[in-house]
Amino acid sequence: MSAEGHDHGHDHEHEHHHKDTFITKYIFSIDHKMIAKQYLITGIVMGIIGVGMSMLFRMQLAWPEESFRIFNILLGDKWAPNGVMTNDIYLSLVTIHGTIMVFFVLTAALSGTFSNLLIPLQIGARDMASGFMNMISYWLFFLSSVIMISSLFVESGPANSGWTIYPPLSALPQAISGSGLGMTLWLTSMAIFIASSLMGSLNYIVTVINLRTKGMSMTRLPLTIWAFFVTAIIGVVSFPVLLSAALLLIFDRSFGTSFFLSDIYIAGEVLHYQGGSPVLFEHLFWFLGHPEVYIVLLPALGITSEVIATNSRKPIFGYRAMIMSIIAIAFLSTIVWGHHMFISGMNPFLGSVFTFTTLLIAIPSAVKAFNYITTLWKGNLQLNPAMLFSIGLVSTFITGGLTGIILGDSTLDINVHDTYFVVAHFHLVMGISALYGMFAGIYHWFPKMFGRMLNKNLGYVHFWVTAVCAYGVFFPMHFIGLAGLPRRYYTNTNFPLFDDLQNVNVLITTFALIGGVFQLVFLYNFFHSIFYGQKAVQNPWKSNTLEWTTPVEHIHGNWPGEIPEVHRWPYDYSNPGHDEDFVPQTVPMKPGEEVLHH
Amino acid sequence: MTSLLVIIVLVLLAVALWQLTKIFDLTQVGSDTDSSQVASDNDNNIQGYLMFGFLAFIYIFSIYGLFTWGPLVLHTPASAHGAQVDNLMNITWILIFIVQAITQVLLHYFAFKYRGKKGQKALYFADNNKLEAIWSVIPAIVLAGLILYGLYAWTNIMFIDDEEDTVVVELYAQQFKWTARVAGEDNVLGKANVRYIEGVNTLGVDMADAYAQDDIVVSELHIPKGKKIHFKMRSQDVLHSAYMPYFRAQMNCVPGMVTEFAFEPIYTTAEYRELPYMIEKVSNINAIRSKKSVALVAKGDAALDPYAFDYLLLCNKICGASHYNMQMKIVVDTPEDYKKWLSEQVNLAQQVKEANAPAAVEGADAPVKANDTAAVAKIAMK
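Okay, here's the thing in C-alpha cells:
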C-alpha cells in the first residue's frame with residue numbers, strides 16, 4: 001500500500017473489482033477514512049467511561065461519604081459497601097479518569113480521528129503512506145484500551161496513584177492497593193498505547209511530507225494539517241521518553257532495580273532500594289507530560305482554525321503567523337516541563353529557567369487568540385454548531401490560558417501547586433478546549449465521515465448546555481483552589497478549615513452532573529444521524545479545502561479520477577475578485593489575478 | 001446559596017426545554033424549507049443573540065463569584081515573604097482580569113455583531129504585520145516584567161543563606177502522618193536514615209551522631225514568631241508535599257533526599273486568630289458547623305466541635321488511600337512562649353534511653369508495638 005502516490009489515478013479502476021468482505025471493510029481496514037471512524041467510535045466509548053467516572057467522584061466530593069445506590073450498582077460491594085464510596089476507589093476513579101481523558105480520548109481519539117481522516121483528504125493523497133501500519137496503530141490502540149478497561153475489574157483495584165503515577169507510590173504494592181496488578185496493567189496498556197501513537201505519528205509525518213498533491217506547497221496547507229503535522233513531530237519526540245520511564249518503572253517494580261527508589265521504610269520494614277530518585281521519574285514523565293498538553297491542544301486549535309475560517313467566510317487572519325505560532329508553541333513545549341516540578345526538590349535555579357521558558361509560551365498563544373478574534377471581525381458568521389464550539393474553544397483557551405501565567409510563575413506556584421486551582425486551569429485550557437475542538441471537528445466533518453448531517457438544533461442544545469456547565473464547573477473551582485484546598489482529597493471533612501467550601505463543591509457537582517447528562521443529547525444525535533441523518537451534499541459548508549471535492553460515498557483512493565491539482569491557498573473566502581464567497585483550492589488563478597495574502 | 005443553586009438549575013432546565021421545544025417546532029414546520037442542517041439566517045440570528053447572552057452570563061457569573069467566593073480565598077499571609085508572593089499575585093490578577101475582560105467581550109460581541117446574513121460578503125482581511133507585531137510585542141513586554149519580578153521573588157524565597165540565624169526543623173513525612181524534629185540547642189539536626197528506624201526512634205535518627213543528642217521529636221510543632229525557620233523535609237516511604245498555605249510555603253518530601261524551605265512567621269497563632277477577616281471566616285465556618293450539628297444530633301450522632309483557627313501542615317501530594325487526612329498542627333508562639341514550650345519537651349536521646357530501660361516497657365505501649373511489628377516483619381522476611 002505504501003506505493004500509493006500521486007500518479008495512482010490511472011490504475012485506480014481495478015481497485016473497484018476487489019470485493020471487500022465485512023472484515024476487511026469494517027474491522028481490519030487499511031482505509032484511512034474507516035480507521036478514522038474506528039478511532040472516533042472507540043474514543044467516544046472511552047469518553048463515556050471517563051466522563052462517567054468524573055461524575056461519580058464529583059458526587060463523592062459534593063456529598064462526602066454519603067450513600068448512593070448508584071455507587072453500589074456501578075462499583076460493587078467491595079468498593080462501595082452500602083453505597084458509600086471507599087477512599088481507594090475514589091483515587092482509582094480520579095486516576096483512570098485522568099488517564100482515559102488525556103491519553104485515550106484527547107490524544108488518540110482526537111488525533112487518530114482527524115489526522116487520519118483529514119491528512120490524506122486535505123493534502124490530496126489516496127491514503128496514508130502506510131495503510132497497513134495505520135491499521136496496526138489503531139488495533140494497538142484498541143488493545144491498550146481493552147487492557148486499561150480490564151484493569152477496572154482486577155481484585156486489588158485499578159491503578160490509583162494519580163494519572164502521573166509518581167513512584168514510589170506507584171512502585172510499591174504495600175503503599176496503595178492499586179499499585180499491584182492494577183498498575184501492571186496500567187503500564188502494559190500505556191506501553192502498547194505509546195507504540196500505537198508512534199506508528200500513527202510517523203505515518204502522519206511521512207504522509208504530509210511525501211504525498212501532497214501537485215501544487216500543494218507547505219504554505220498552501222490548511223492549518224489543520226499544519227497542526228496535525230507538528231503534533232505528530234512532538235509526539236515522536238516525547239512519547240518514547242514516557243515509554244522509557246514506564247520501562248524503568250517496570251524494572252523497579254518487578255526486577256528489584258532502584259532507578260526511582262531509595263531509602264524506603266514501609267509496612268514495618270526497610271526495603272533494599274538505594275540510590276534512585278523519584279525526581280528522575282518526574283523529569284522523564286513531564287518531558288512527555290508537558291508536550292502532551294500541546295499534543296492534545298494543537299489538533300483542536302488546527303480544527304478550530306479551519307472551522308472558524310470556513311464559517312466566518314473570511315481568510316484566517318495571519319496564516320503565516322499561525323504557522324509560526326504552532327511551531328513556536330511546539331518548540332517551547334519541549335523545554336518547559338520543569339514547571340510541573342518547581343517544588344519537587346529540584347535545584348531552585350532550574351525553577352528560574354523553567355519560569356522563563358514557560359511564560360514565553362504566552363506570546364504565541366496570545367497571537368493565536370488575537371488572530372482568531374480578528375478573523376471573526378467583519379465576517380459573515382455562519383453560526384453552525386461546529387462554529388459555536390470553535391468560538392467556545394477560543395473562550396476557554398483564553399480563560400484557562402491566562403491562569404497559566406500564575407501557575408507558570410514559580411513564585412506563585414508555591415502556594416497554588418496541586419490545589420484545585422491547577423485542576424480548574426488545566427481542565428479549561430486543555431480539557432474543555434480540546435473537547436470543544438473535537439466536537440467542532442465532529443460537527444464539521446460528520447458529513448465527510450458518514451455522508452449524513454448531524455441535527456443542528458440538537459447541536460445547539462448540546463453546545464449551550466455544555467458551555468454554561470463548563471464555566472459553571474471550572475470557574476468556581478479556581479476559588480476553592482485559591483483557598484488552599486488540595487486536589488485528590490477523598491473528602492474535606494477532616495479539615496473544618498474547608499467547611500465553608502462545601503457549598504461551592506455542591507454547586508460544581510451540580511453543573512458537572514447537568515453537563516454530563518446533556519452529553520446524551522450529543523450521543524443520540526451522533527448515533528441516530530449515522531443511520532437516519534439528513535443526507536449530506538458534497539460541500540455542505542461551502543469550504544475551500546480538498547476533502548470536499550471527494551464524493552459523498554466513500555471510495556478507496558478518495559477521488560474517482562485524477563487527484564485534483566491545487567492552485568491557491570485554502571482561505572480564499574470572500575475574495576473580492578470572485579463572485580462566490582468561496583474559491584476552492586482547485587480553482588485555477590484567473591488571468592491576472594493577484595495573490596492577496598502573504 | 002442553595003436557593004441560588006436551585007435557581008440556576010431551573011434557569012438551565014428552562015433554557016434547555018425552550019431549546020428542545022424549538023427543535024420540535026422546526027422539525028415539523030421547517031421540514032420542507034430547512035432540512036439542510038446548515039445554519040440559516042434565522043439560526044445565525046438566534047445563536048448570535050445567545051452569544052451575546054453568554055457574554056452576559058460570563059460577566060455576571062464572574063462578578064457574582066468574586067463577591068460570593070472571593071472572601072473564601074487565602075488572605076493576609078502569615079510569613080515575611082508572603083507579602084511578596086501576594087503582591088505578585090495581585091499584579092498578575094489585575095493583568096489577567098483586564099485581558100480576560102477585553103478578549104471575551106471582543107470574541108462574543110463579534111460573534112453577535114457579525115452574525116451571518118444571506119447575500120452579505122465578509123471583508124477579505126488576510127494579514128497585517130503591524131497588528132501581529134502589536135500583539136506579540138505587548139504581551140512580550142508585560143511578560144518580561146512579570147518574569148523579572150517573579151524571578152526576583154523566587155530567588156529571595158528559595159535560596160537559603162546558611163550563615164543566617166535560623167531555627168532548624170525537620171519535617172518528616174510518612175503514610176499518613178507528619179512528625180517534626182527540632183534541632184535543639186546546637187541547632188544542627190543529627191544524621192538520619194530509614195535504616196536506623198527502631199522502636200521509639202521512628203525517624204531513623206543516628207543516635208551515635210553527637211548532633212542528634214539534643215534533637216526533639218514532636219507531633220505538634222511550635223515555632224517562634226519573628227525568626228526564620230529553616231525546614232528540612234524527609235519522607236520515609238512515598239512522595240509527600242509539605243503544604244502550609246497560610247505561610248505561602250510548600251515543598252515536596254522525597255524519599256532518599258532532603259528538601260528545604262525557609263520562612264519567617266510574622267503572626268503568632270493568637271494574633272492571626274484576631275485578624276478581622278479570620279474572625280469572620282471562623283464565625284462563618286462555625287455557623288455552618290452548628291447547622292450541620294443540628295442535623296447530626298437529630299440523627300442521634302454527636303455534634304461537631306466548634307472550630308478555632310490553627311495553622312496547618314497538609315499533605316499535598318497524593319500519598320496513599322488516606323492522603324486526605326494527613327495533617328499536623330503548627331503553633332506560632334511569641335519567642336518567650338516558644339522557649340517555654342521547648343524546655344518542656346523531652347529530647348529523643350532521653351526517650352530512647354527510657355524505652356530501652358526494662359521498667360519503661362509497660363508504660364510505652366505504642367512504640368513497643370511498632371518495634372514488635374518491625375521484628376515480626378524481619379522474621380517473616382527470613
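Respectively, the protein sequence lines represent chains A and B. Counting from 1, one number per residue, gives the positions in the first sequence under the UniProt record's numbering. Counting from 1, one number per residue, gives the positions in the second sequence under the UniProt record's numbering. Yeah, the Cβ is synthetic: ideal placement off N, Cα and C, and Gly gets one too.
Taking the CB atoms as reference points, tell me whether residue i and residue j lie closer together than 8 Å.
| i | j | result |
| --- | --- | --- |
| I414(A) | V85(B) | yes |
| A78(B) | Y272(B) | yes |
| F260(A) | L280(A) | yes |
| A386(A) | Y471(A) | no |
| E220(B) | M328(B) | yes |
| D333(B) | H222(B) | yes |
| E264(B) | A111(B) | no |
| G451(A) | K535(A) | yes |
| F71(A) | G52(A) | no |
| P168(A) | D237(B) | yes |
| L61(A) | T509(A) | yes |
| Y172(B) | T179(B) | yes |
| F176(B) | N325(B) | yes |
| I89(A) | Q174(A) | no |
To the nearest angstrom, report how far apart residue i and residue j are at their CA atoms.
| i | j | result |
| --- | --- | --- |
| F261(B) | F97(B) | 31 Å |
| residue 686(A) | D127(B) | The requested residue 686(A) does not occur in the structure, where chain A is confined to residues 1 to 598. |
| G180(A) | K37(A) | 35 Å |
| S333(A) | L407(A) | 15 Å |
| V468(A) | F54(B) | 8 Å |
| T586(A) | Q120(B) | 24 Å |
| F515(A) | I8(B) | Looking at the sequence provided, one finds Gly at residue 515(A) rather than Phe. C-alpha separation (whole angstroms): 13 Å. |
| G533(A) | I323(A) | 36 Å |
| N455(A) | I136(A) | 33 Å |
| I530(A) | K542(A) | 21 Å |
| I41(A) | I35(A) | 10 Å |
With 16 as the cutoff for other CB atoms within 10 Å, does residue i come out buried or exposed?
| i | result |
| --- | --- |
| R195(B) | exposed |
| S352(A) | buried |
| H272(A) | exposed |
| F446(A) | buried |
| K232(B) | buried |
| P551(A) | exposed |
| K130(B) | exposed |
| W18(B) | exposed |
| I63(B) | exposed |
| Y138(A) | buried |
| K299(B) | exposed |
| residue 384(B) | For residue 384(B) there is no data in the structure shown, the boundaries of chain B being 1 and 382. |
| T21(A) | exposed |
| F141(A) | buried |
| Y267(B) | buried |
| G30(B) | Its pLDDT being 47, under 50, G30(B) is placed unreliably in this model, and the value from its coordinates should be taken loosely. With fewer than 16 other Cβ atoms within 10 Å, it is exposed. |
| L520(A) | exposed |
State the CB to CB distance for the pair residue i and residue j, rounded to an integer number of angstroms; the pair is presumed to be in contact (CB under 8 Å).
| i | j | result |
| --- | --- | --- |
| H108(B) | F52(B) | 6 Å |
| F228(A) | F114(A) | 7 Å |
| V200(B) | Q350(B) | The pair is not a contact, with the Cβ atoms about 10 Å apart (cut-off 8 Å). |
| F463(A) | L388(A) | 4 Å |
| T419(A) | P64(A) | Between P64(A) and T419(A) the Cβ distance is about 18 Å, and since that is not below 8 Å, they are no contact. |
| L284(A) | S244(A) | 6 Å |
Next on the checklist: Taking contact to mean 3 or more Cβ pairs, one atom from each stretch, closer than 8 Å, check whether the stretch 270-288 of chain B and the stretch 136-144 of chain B are in contact.
Outcome noted: Under the Cβ criterion (8 Å, minimum of three pairs), the stretch 270-288 of chain B does not count as touching the stretch 136-144 of chain B.
Checklist entry - Counting pairs of beta carbons, one from the stretch 534-553 of chain A and one from the stretch 109-123 of chain A, are three or more of them closer than 8 Å? => result Here the stretch 534-553 of chain A lies against the stretch 109-123 of chain A, with 3 or more beta-carbon pairs under 8 Å apart.
Checklist entry - Between the stretch 423-443 of chain A and the stretch 392-411 of chain A, are three or more C-beta pairs nearer than 8 Å? => result Segments in contact, yes.
Next on the checklist: Assess contact between the stretch 99-111 of chain A and the stretch 42-49 of chain A, defined as three or more Cβ pairs (one per stretch) separated by less than 8 Å. Is contact present?
Outcome noted: For the pair of segments examined, the stretch 99-111 of chain A was found to touch the stretch 42-49 of chain A: the number of CB pairs separated by less than 8 Å reaches three.
Checklist entry - Would you call the stretch 210-218 of chain A and the stretch 150-166 of chain A touching, i.e. three or more CB-CB distances under 8 Å? => result The stretch 210-218 of chain A, when compared against the stretch 150-166 of chain A, does not touch it at the 8 Å Cβ threshold.
Checklist entry - Three or more C-beta pairs closer than 8 Å, one from the stretch 376-393 of chain A and one from the stretch 459-475 of chain A: is that the case here? => result Touching, per the Cβ criterion.
Checklist entry - With a cut-off of 8 Å, do at least 3 Cβ pairs link the stretch 484-498 of chain A to the stretch 300-313 of chain B? => result They touch, by the three-pair rule.
Next on the checklist: Pairs of beta-carbons, one from the stretch 285-292 of chain A and one from the stretch 417-425 of chain A, closer than 8 Å: are there three or more?
Outcome noted: Touching, no, given that fewer than three Cβ pairs across the two stretches are closer than 8 Å.
Next on the checklist: For the pair the stretch 294-301 of chain A and the stretch 244-254 of chain A, tell me if three or more CB-CB distances fall below 8 Å.
Outcome noted: At 8 Å Cβ cutoff, the stretches do not touch.
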